[in-house]
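Those protein sequence lines, which keep their order, are chains A and B.
With the numbering used here, you'll find the first sequence wraps up at 369, consecutive numbering, no jumps.
With the numbering used here, you'll find the second sequence wraps up at 1451, consecutive numbering, no jumps.
The structure under discussion appears below in the form of structure tokens.
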Amino acid sequence: MQYRKREVLTAVSILVAALAIIFYVIPNFIDMEEEFELASLSPAFFPNLAAWIIAALAGLLAISALWQPKKSATDNSDEEWLSRAEELNAYKAALVIVGYVLAMKYIGFLIATVLVLAVLLVLQDIKKPLHAGLISILVTGGVFLFFYFIMQVHLPKGLIFE
Amino acid sequence: MLDNLISGLGIIFHWEHILAIVVGSSLGLVVGAIPGLTATMAVALILPMTFDMDFVTSIMLLVGAYKGGIFGGSITAILLNTPGTPASAATVLDGYTLTKQGKGVKALKMAKYSSTLADFCSDLVLIAVAAPLATVALKFGPPEIAMLIAFSLTIVAGVAGKSIIKGLIAGTLGLLLATVGLDPIMTTRRLSFNIVELDSGISLIPLLIGLFALSEVLFQLGKKSETYDDQFVIKHSTHPADNRVSWIEFKRSLRTIIRGTAIGTGIGIIPGIGTGIASFMSYAQAKRASKTPEKFGRGSLEGIAASESGNSAVVGATFIPLLTMGIPGDIITAVIMGAFMIQGFIPGPLLFQDHSQIIYAIFIGFIICDIVYFIIGTIAMKYAAYLSKVPRGVLFPIVLVFCVVGSYAIQHSLFDIGIMVFFGIVGFFMIKFGFATAPLLIAFILSPIGEAALRQSLLMSGGSLMIFVTRPIALGFLSLTLISIFGIMRSHRKRQGVY
């Protein structure tokens, strides 16, 4: 996507989010049982201030993106960014991680971690299943033992096993 | 001060504290030497392990990791042309050239000497300056604190990355996120969306692990795994002179080290500038002052001394604003500030009043850290280059496990793991769209103090903003804030032509 277009879209999305916070989230999710004589006494004072600043900065971002001469409006934020295929890999990894956290509640740290490590290692082109399995078991076991015995942290057992 | 130093000596010379320094320095050195893993990540991942430790042990572990991490970065910079941390980027210029000439060990030794010396001097400045500054800071009321925080938030601009506006948006988002939970003055619920776990606010540790470690893990997992070239061999000269730094060579670089130390210490005291800039600034000044500037970039020992003294001197000095005024000097001290708060110690002038002996024990610990990482560095130099050969495909899934366990450990809460994953994904997209993540963290940490001080000030003045102008110290900080904003915007405009 063209740099300028993407910047403007980013700015507009932030602006919309900030306005949603000001006009929907703050009135509905901050307990304000009384009217305050001084605005600064209100619990909504600081969140409102922050949200308005974000809205103003988003506007400024859009203007600065539009203001830039076409020649200099090249994308310089993506210099070291991932290729499309690599980005897709990252999304896959993110999905695996979200699944991992959800699964941990039910099957516990040990099983969930062995499984997720094996999946991620395979996704990372470690083709030998034996290597992936071995690394997963060793790392999970090592971390579990370290935290259980040395740090006294009892990692989740999982609802199924409790 | 002398009494406190003597008491501090009694506290710090305990096997647990010394062990913490040794372990912290070793871990920091190992993590710093792995390209892609920064000293910040080392400190963030070690932090959850400190919750059950006593205060001094936990801080010593983290400070050791910080110092070790910065030095670890220079090992791979010199041997493999790969700076382990951004702070070592300038070291590559001469360090790797020397390695190609078979003088890698010589370069490493010069890096070690200059790093340790600069760090030591910076620690002495910390010890000398901190207490008097804290005495002044004790006189601050809410208006002064509010303006001090405003000045500190200009750090946000310093770490904003390429776009100041985006940095400010990220910073303001940090201010907003910090308001989740109970209101500090009226104690009513704010923005917790009826989720009980959010009533106490968003936990700092999962947030910072997500933003700094998980976002990087996602980025690295996106990349295709690569195998390192097995044929890569570090050239090694057998000539004794190529493997040591002679007294004459050291003496020749001493002026550069002193200059680098002064630059690094000065930069460390000013919040938000950081080790990378100190390193390059020291390098540029050394080249300008050198009798042989043409040798810089072609394997100059002076170049290594300049870069390493510049970045290492920042470390001790960044604790000056943290300990005296409660302002983190850089991202790593922001993380360490989290450790202070978790242990029930609020950084700021009161620390010197209420816990002076402990603070001086920590100061002495800083100096012991220098000695320890000098020794560990000597051992590690032989093996650290192998660390960079750990395949990324194996390394980052393992880091993920530490992110998960680290987030869980503080409150034994699966909800915190969810918070960490959420902010990991947020951090990933922030990087994708060119938003720096550091401003969010710094503003998140400073926000509660700033909000309370601002609202108390406005209550004191009946809502009038004049309270910030009529009190001299507040006015001073306000002026500094405006000057700082003006200076930063000017330098950004000069550098890029865009905001």
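Glycine included, each C-beta is placed from N, C-alpha and C at the ideal position.
Computed from a prediction, not measured in an experiment: that's the story for all the values here.
- Contact check for B/Ile-1371 against B/Leu-1159 passes: the beta carbons are separated by less than 8 angstroms.
- If you draw a straight line from the Cα of B/Gly-1290 to the Cα of B/Gln-1309, it comes to about 21 angstroms.
- Taking a C-beta distance under 8 angstroms as the contact criterion, B/Val-975 and B/Leu-1013 qualify as a contact pair.
- Rounded to whole angstroms, the gap between the alpha carbons of B/Val-1008 and A/Leu-337 is 44 angstroms.
- Contact note: A/Ile-333 reaches chain B through Ser-1177, Pro-1343, Gly-1345 and Val-1346, using a C-beta cutoff of 9 angstroms and chain order.
- Interface annotation, B/Asp-1135: in contact with chain A, CB-CB separation under 8 angstroms.
- A/Ile-237 has B/Arg-1142 as its beta-bridge partners, per DSSP.
- Counting along the chain, B/Leu-1085 sits inside the alpha helix (DSSP H) bounded by residues 1056-1089.
- Under the DSSP assignment, B/Trp-967 falls in the alpha helix (DSSP H) whose first and last residues are 967-985.
- Comparing alpha carbon positions, the residue from B/Cys-1073, B/Leu-1090 and B/Ile-1283 closest to B/Ser-1104 is B/Ile-1283.
- Per DSSP, the continuous alpha helix (DSSP H) segment holding B/Gln-1408 begins and ends at 1390-1412.
- The DSSP-derived three-state label of A/Gly-365 is coil.
- Taking 8 angstroms as the CB threshold, A/Leu-302 stays off the interface with chain B.
- Within chain A, no C-beta atom comes nearer than 8 angstroms to that of B/Tyr-1325; the closest sits roughly 23 angstroms away.
- Remark: three or more beta-carbon pairs, one from each stretch, lie closer than 8 angstroms, so the region 341-358 of chain A and the region 1355-1368 of chain B are flagged as touching.
- Residues of the region 349-362 of chain A with a C-beta less than 8 angstroms from any C-beta of chain B: Val-350, Phe-354, Met-358, Gln-359, Val-360, His-361 and Leu-362, listed in chain order.
- A/Ala-310 and A/Ile-342 have their C-alpha atoms spaced approximately 20 angstroms apart.
- B/Phe-1385 is not a Cβ neighbour of A/Thr-320, given a cutoff of 8 angstroms.
- In the three-state scheme derived from DSSP, where H, G and I count as helix and E and B as strand, B/Leu-1417 is classed as coil.
- What B/Val-1373 touches in chain A, judged by beta-carbon distance under 7 angstroms, is Ile-304, Val-305 and Val-308, going in chain order.
- At a cut-off of 8 angstroms between beta carbons, B/Gly-1370 contacts chain A.
- Residue contact check for A/Val-232 against chain B: a CB pair falls below 8 angstroms.
- The C-alpha of B/Ile-1327 lies about 10 angstroms from the C-alpha of B/Ser-978.
- Within chain B, the residues whose beta carbon sits less than 8 angstroms from that of A/Leu-328 are Gly-1345, Val-1346 and Pro-1349, listed in sequence order.
- Classified as exposed, B/Asp-1151 has fewer than 16 neighbouring CB atoms from the shown chains inside 10 Å of its CB.
- With respect to chain B, the C-beta atom of A/Phe-368 has no partner C-beta closer than 8 angstroms.
- A straight-line Cα-Cα distance of about 13 angstroms links B/Gly-980 and B/Ile-1011.
- In the DSSP assignment, B/Gly-1251 falls outside any alpha helix (DSSP H) and carries neither an H nor an E.
- Taking all protein chains in view, the Cβ of B/Arg-1250 is surrounded by fewer than 16 other Cβ atoms within 10 Å, so the residue is classified as exposed.
- Contact annotation: B/Tyr-1018 and B/Phe-1202 have beta-carbon atoms that are not nearer than 8 angstroms.
- Linking B/Ile-1369 to B/Pro-1000 through their CA atoms gives a straight-line distance of about 13 angstroms.
- A/Lys-299 and A/Asp-332 have their alpha carbons spaced roughly 14 angstroms apart.
- Residue environment analysis places B/Thr-1049 among the buried positions, since at least 16 neighbouring C-beta atoms fall within 10 angstroms of its C-beta.
- Neighbourhood of A/Leu-264 in chain B, by CB distance below 7 angstroms: Ile-1117, Leu-1120, Ile-1121 and Thr-1124, in chain order.
- With respect to chain B, the C-beta atom of A/Leu-324 has a partner C-beta closer than 8 angstroms.
- Cβ contact annotation for A/Ala-265 (same chain, cutoff 7 angstroms, sequence separation greater than five): Ala-218, Ile-221, Leu-222 and Ala-225, in chain order.
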